[in-house]
Amino acid sequence: MAHPFKLFATANSLELGKKVADELHTSLGKLYSTQFSDGEVYSRFDESIRGETVVLLAQANLPYHHLFELFITIDAARRASAKEIIVIIPYLAHSRQERKDDSRSSISSRLIADFLEHSGADRMITVDMHSTSIEGFYKIPIDHLQMAPVFLQNIKEHFDPSHLALCSPDFGGLKRIRAYKQILDCDLVVINKERLKPNQVNTMEIIGHPEGKDVIIIDDMIDTGGTLCKAAEILMDQGARSVTAYCTHGVLSGKASEKIQQSSIKELVISDSIPHLELPGKIRIVSCKKVIASAIEKLMQNKSIKALNTL
Ligand code: R5P
Numbered sequence: 004m005a006h007p008f009k010l011f012a013t014a015n016s017l018e019l020g021k022k023v024a025d026e027l028h029t030s031l032g033k034l035y036s037t038q039f040s041d042g043e044v045y046s047r048f049d050e051s052i053r054g055e056t057v058v059l060l061a062q063a064n065l066p067y068h069h070l071f072e073l074f075i076t077i078d079a080a081r082r083a084s085a086k087e088i089i090v091i092i093p094y095l096a097h098s099r100q101e102r103k104d105d106s107r108s109s110i111s112s113r114l115i116a117d118f119l120e121h122s123g124a125d126r127m128i129t130v131d132m133h134s135t136s137i138e139g140f141y142k143i144p145i146d147h148l149q150m151a152p153v154f155l156q157n158i159k160e161h162f163d164p165s166h167l168a169l170c171s172p173d174f175g176g177l178k179r180i181r182a183y184k185q186i187l188d189c190d191l192v193v194i195n196k197e198r199l200k201p202n203q204v205n206t207m208e209i210i211g212h213p214e215g216k217d218v219i220i221i222d223d224m225i226d227t228g229g230t231l232c233k234a235a236e237i238l239m240d241q242g243a244r245s246v247t248a249y250c251t252h253g254v255l256s257g258k259a260s261e262k263i264q265q266s267s268i269k270e271l272v273i274s275d276s277i278p279h280l281e282l283p284g285k286i287r288i289v290s291c292k293k294v295i296a297s298a299i300e301k302l303m304q305n306k307s308i309k310a311l312n313t314l
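When you read off a place in the sequence shown, starting at 1, and then add 3, the result is the number in the working numbering.
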């Protein structure tokens with residue numbers, strides 16, 4: 004028998020929350036949130052959740068009040084006697100800081116894990132974590148979902164595999180593109196990227212042969228767009244026929260969207276793990292709603308989630 008649950012979404016997540024609710028043929032529960040005039044966040048469940056399994060979707064991207072709203076909403080659920088609190092955080096902020104990259108720096112990704120657990124979360128579901136080692140920061144179970152099956156289907160619908168090359172913009176993403184290669188059976192290109200400091204790419208060197216190929220860059224996130232635009236430029240200089248990118252998390256900070264628009268990138272495909280009001284022409288969204296809804300369904304039926312990530 005299916006496990007009963009109540010689905011809620013934080014203020015920033017209402018649009019995706021409604022889509023997920025529709026997929027599950029349910030509706031969102033009543034959650035009220037506001038801010039005091041100094042910005043202090045307030046959150047309250049406007050229906051009883053006593054003894055319930057609460058599934059809370061939170062697009063907790065920056066600014067920080069989204070993340071803080073999540074912490075206090077989990078706390079509210081715990082204090083309202085929810086039986087179990089499952090949080091779904093499609094984009095896990097601070098994932099890039101999962102190790103000390105220099106002496107006297109923080110491992111803030113670990114702090115986020117501590118905050119979530121201390122708030123009272125019993126389980127966390129996320130999509131395309133920057134590094135799987137982050138799972139080790141949590142004592143609660145983590146379900147790590149992937150956009151790869153959705154992106155792969157999309158690539159198959161839009162490209163002729165005989166002219167394709169898959170590209171990772173750094174060595175860290177090599178494993179990711181190898182998984183796609185098993186299905187698409189095409190060439191691989193890797194970029195040897197060096198950074199001087201966060202968000203600033205210093206050098207890039209192409210390893211592989213992009214000449215005459217429709218190159219598809221796969222990455223977990225695009226933030227300033229620096230990595231992607233520079234990669235596209237170099238790939239085109241080296242004879243690529245076109246460069247398209249599939250990045251799960253469209254952080255798109257600062258002038259990233261304009262940068263993409265002016266770059267040699269043909270199209271950037273992102274998920275809606277982070278909400279955006281408006282996006283320019285070259286950026287297309289492929290929703291993560293089905294991935295999340297399917298995971299909730301499997302979880303409630305105590306069925307394996309691994310199959311969802313299988314390409
Ligand atoms: C790096 O390891 C990530 O996978 C992305 O390539 C990076 O975070 C993108 O950042 P930006 O768009 O600022 O270059």
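Idealized CB from N, CA, C, for every residue including glycine.
Judged by beta-carbon spacing, Ala116 lies beyond the 8 Å limit of Ile92, meaning their Cβ atoms are not closer than that value. Here the segment 91–109 makes no contact with the segment 37–50; the two share fewer than three CB pairs at distances below 8 Å. Counted as a single uninterrupted DSSP element, the beta strand (DSSP E) harbouring Met224 occupies residues 217–225. Closest in C-alpha terms to Glu261, from the list His252, Asp226, Ala85, Asn195, comes Asp226. According to the DSSP secondary-structure assignment, Glu26 is paired through a beta bridge with no residue. For Asp105, the CB stays at least 7 Å from every heavy atom of the ligand R5P. Note that the C-beta distance between Lys216 and Met207 is not below 8 Å. Met207 sits in a strand when the DSSP states are folded into three classes. Counting along the chain, no beta strand (DSSP E) covers Tyr183; the unbroken alpha helix (DSSP H) around it starts and ends at 177–187. For Gly139, there is no enclosing alpha helix (DSSP H), since its DSSP letter is neither H nor E.
Going by C-alpha positions, Val289 is about 16 Å away from Ser297. A straight-line Cα-Cα distance of about 33 Å links Ile110 and Glu281. By the beta-carbon neighbour count (other beta carbons within 10 angstroms, threshold 16), Ile210 is exposed. Membership of Ser46 in the beta strand (DSSP E) is indicated by the continuous run 44–48.
Cβ-Cβ separation between Val294 and Val130: approximately 7 Å, consistent with a contact (criterion under 8 Å). The beta carbon of Lys103 lies closer than 8 Å to those of Ser109, Ile110 in the same chain, with the five residues before and after it left out. Taking non-hydrogen atoms of the ligand R5P into account, the C-beta of Arg99 is found less than 7 Å away from one of them. Taking a contact to require three or more Cβ pairs closer than 8 Å, the segment 65–76 and the segment 13–23 qualify as touching. Pairing Lys292 with Asn205, the inter-Cα distance amounts to about 36 Å.
If you check the C-beta of Pro283 against the ligand R5P, you find no heavy atom less than 7 Å away.
Ala248 is positioned such that its CB atom lies closer than 8 Å to that of Asp222.
Separation of Cys250 and Arg181 (C-alpha to C-alpha, rounded to the nearest whole angstrom) is 16 Å. Contact between Pro283 and Gln264 holds, with the beta-carbon distance rounding to 5 Å and staying under 8 Å. Pro164 and Asp188 have their C-alpha atoms some 8 Å from each other. Taking the Cβ of Gly54 as the reference point, every heavy atom of the ligand R5P lies at 7 Å or farther away. Relative to the ligand R5P, the nearest heavy atom lies less than 7 Å away from the CB of Pro172.
Met239 and Ala124 have their C-alpha atoms roughly 46 Å apart. With a threshold of 7 Å, the Cβ atom of Leu231 counts as near the ligand R5P, since some heavy atom of the ligand is closer than that. As computed with DSSP, Thr247 is found in a beta bridge with Ile219, Glu270.
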